[in-house]
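Participant: Here my numbering is used: position 166 in the sequence shown is 170, and no number is missing along the way.
A virtual CB, placed ideally from N, CA and C, is assigned to each residue, including glycine.
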Amino acid sequence: MINLTKEQILQCINILGIKGRKNSNSFIMCCPYHNDDTPSFSIKLDSFYCKCFGCSKTVSFNKMCKDIYGKSAYELLGLKNDKLVNYFFKQSFIKPEKKQEEIRYITNIKGKLLDVFSNDNIYTHLKEYRRLTDNFIKEFGITYTNFCEINRDEKAIEQDDIKGTKFFHRIMIPVYYQNKLVNYEGRDYTLNQKPKVLYPKNTTKPLFNFDNLDFNKPLYLTEGFMDFAILYQHVSKNSSCIMGNQLNELQIKLVNKFKQIILVPDNDDGGKVLINQMDEYYTEGDLYIVDLPYGIKDIGECEIKNLKECISNKKVYMKKLIDDAGLFK
Ligand SMILES: [Zn+2]
């Protein structure tokens with residue numbers, strides 16, 4: 005996870021005299037953690053991680069050096085631990101979206117929003133596949149549409165301004181802020197439309213469920229709505245999601261109202277971007293990170309029992325950095 009350069013990793017391999025074969029993005033060697041005579045241990049040169057396809061060992065490059073050769077990569081290269089933070093996620097750093105001056109609302113909907121309880125396919129999708137209870141569906145006013153158009157402006161003078169945003173075959177989740185309807189998340193239920201999640205153009209994206217949140221309690225924060233649904237139903241009602249993996253200006257303002265945030269990011273590059281943004285822009289409280297089990301992409305794929313266990317193992321952000329790097333192991 006540390007952004008040692010490819011050259012630095014190769015330098016360590018050279019110093020240690022490790023035998024193996026270099027591909028464009030990895031170095032393959034015999035696994036030092038099991039009795040391996042066909043090379044099955046891969047050092048990822050771009051992500052600093054190592055994985056064995058024989059025994060499934062996953063380890064940071066730094067820790068592997070320490071475990072097997074007695075010196076960490078950092079020691080081999082003469083780098084100090086306190087430089088660690090500066091190496092993190094430099095490349096994935098992304099600025100927040102441009103400033104949104106005013107709150108925009110949903111002003112009109114042409115077409116029908118329908119009752120999900122009257123459609124067996126959609127109801128089953130929500131209940132079985134998405135694990136939503138009837139109460140949750142009712143509480144958040146979830147409907148579906150075969151077709152609708154949102155925020156069509158008949159009074160606009162320019163032809164282009166008249167057009168709203170069209171939603172076909174989507175589950176519709178209303179988004180409120182300050183008790184007003186500011187957005188709709190439209191999730192494709194056919195599972196073959198793009199984008200999978202659609203919002204009307206020029207709408208405000210606050211933190212989901214913001215009006216009901218208690219600033220004095222820990223906030224459980226995740227990326228997508230369906231992951232939020234699991235947190236809300238099984239972990240804490242003081243949960244929210246950002247409906248994406250990048251914070252906007254309004255969301256940065258809102259997260260800073262909380263004294264403690266427990267972030268459950270996706271287990272992918274988007275999740276890393278969000279962790280990085282939270283580290284940069286959430287300055288008013290303590291940030292905890294929940295690591296999902298290895299191989300699990302998001303909360304939606306996670307068993308509730310495992311999710312709860314991961315949450316109880318949450319780490320303060322700085323401690324996570326150090327553990328991931330394997331510095332003191
Ligand atoms: Zn192995």
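For Ser-46 and Leu-325, what's the separation of their Cα atoms in angstroms?
Facilitator: The sequence position of residue 46 within the sequence shown is 42, counting from 1. The sequence position of residue 325 within the sequence shown is 321, counting from 1. Cα to Cα, Ser-46 sits roughly 22 Å from Leu-325.
Participant: Hey, is Asn-206's beta-carbon within less than 8 Å of any beta-carbon in chain D?
Facilitator: Checking the listed chains, one finds no chain D in this structure; it contains a single protein chain.
Participant: Between which two residues does the alpha helix (DSSP H) containing Gly-274 stretch?
Facilitator: Against the sequence shown, residue 274 aligns to sequence position 270. 273–285 is the span of the alpha helix (DSSP H), which, as asked, contains Gly-274.
Participant: Run the CB neighbour count on Glu-132, radius 10 Å, all protein chains shown included, and call it buried at 16 or more, exposed below.
Facilitator: Sequence index remark: in the sequence shown, residue 132 carries index 128 (1-based). Exposed, since its Cβ has fewer than 16 Cβ neighbours within 10 Å.
Participant: Within 10 angstroms of the Cβ of Asn-90, are there 16 or more other Cβ atoms? Answer buried if so, exposed if not.
Facilitator: Residue 90 sits at position 86 when you count from the first residue of the sequence shown. Confidence is the limiting factor: at Asn-90 the pLDDT is only 43, short of 50, which leaves the residue's position unreliable, though a coordinate-based value still follows. Asn-90 comes out exposed.
Participant: Which residues in the same chain have their Cβ closer than 8 Å to the Cβ of Asn-39, if we skip the five residues on either side of it in sequence?
Facilitator: Residue 39 sits at position 35 when you count from the first residue of the sequence shown. Once the five neighbours on either side are set aside, Asn-39 has no close Cβ partner at all.
Participant: Are Thr-169 and Asn-155 closer than 8 Å when you measure CB to CB?
Facilitator: Here the question's residue 169 lines up with position 165 in the sequence shown. Here the question's residue 155 lines up with position 151 in the sequence shown. In this structure, Asn-155 lies closer than 8 Å to Thr-169 by Cβ.
Participant: Near Ile-141, what residues of its chain come up, given a Cβ to Cβ distance below 8 Å and the 5 sequence neighbours on each side ignored?
Facilitator: In the sequence shown, residue 141 corresponds to position 137, counting from 1. The residues are Val-120, Phe-121 and Leu-130.
Participant: I'd like to confirm something about Cys-35: is its beta-carbon nearer than 7 Å to some heavy atom of ligand 1, or not?
Facilitator: Here the question's residue 35 lines up with position 31 in the sequence shown. The answer is yes for Cys-35.
Participant: By Cβ distance, which residues of its chain are closer than 8 Å to Ser-64, with the 5 residues on each side in sequence left out?
Facilitator: Here residue 64 corresponds to residue number 60 of the sequence shown, with the count starting at 1. Once the five neighbours on either side are set aside, the close Cβ partners of Ser-64 are Met-5, Ile-6, Phe-52, Tyr-53, Cys-54, Asp-328, Ala-329 and Gly-330.
Participant: Do you know how far the Cα of Lys-198 is from the Cα of Lys-159?
Facilitator: Against the sequence shown, residue 159 aligns to sequence position 155. Against the sequence shown, residue 198 aligns to sequence position 194. Those two C-alpha atoms are separated by around 30 Å.
Participant: Classify Asp-124: buried if its beta carbon has 16 or more other beta carbons within 10 angstroms, exposed otherwise.
Facilitator: Position 120 of the sequence shown holds residue 124. It is exposed - the Cβ of Asp-124 has fewer than 16 other Cβ atoms within 10 Å.
Participant: May I ask which residues mark the beginning and end of the beta strand (DSSP E) holding Cys-56?
Facilitator: As a working mapping, residue 56 is identified with position 52 in the sequence shown. First-last of the beta strand (DSSP E) with Cys-56: 53–56.
Participant: Count the other CB atoms within 10 Å of the CB of Asn-317; is the residue buried (16 or more) or exposed (fewer)?
Facilitator: Within the sequence shown, numbered from 1, the residue matching residue 317 stands at position 313. It counts as exposed.
Participant: Taking the straight line between their C-alpha atoms, what separation do you get for Asn-112 and Glu-143?
Facilitator: By one-based count along the sequence shown, residue 112 stands at place 108. By one-based count along the sequence shown, residue 143 stands at place 139. Their backbone Cα atoms lie some 22 Å apart in a straight line.
Participant: Which residue or residues does DSSP assign as beta-bridge partners of Ser-46?
Facilitator: Within the sequence shown, the letter at position 42 stands for residue 46. In DSSP, Ser-46 forms a bridge with Ile-32 and Lys-55.
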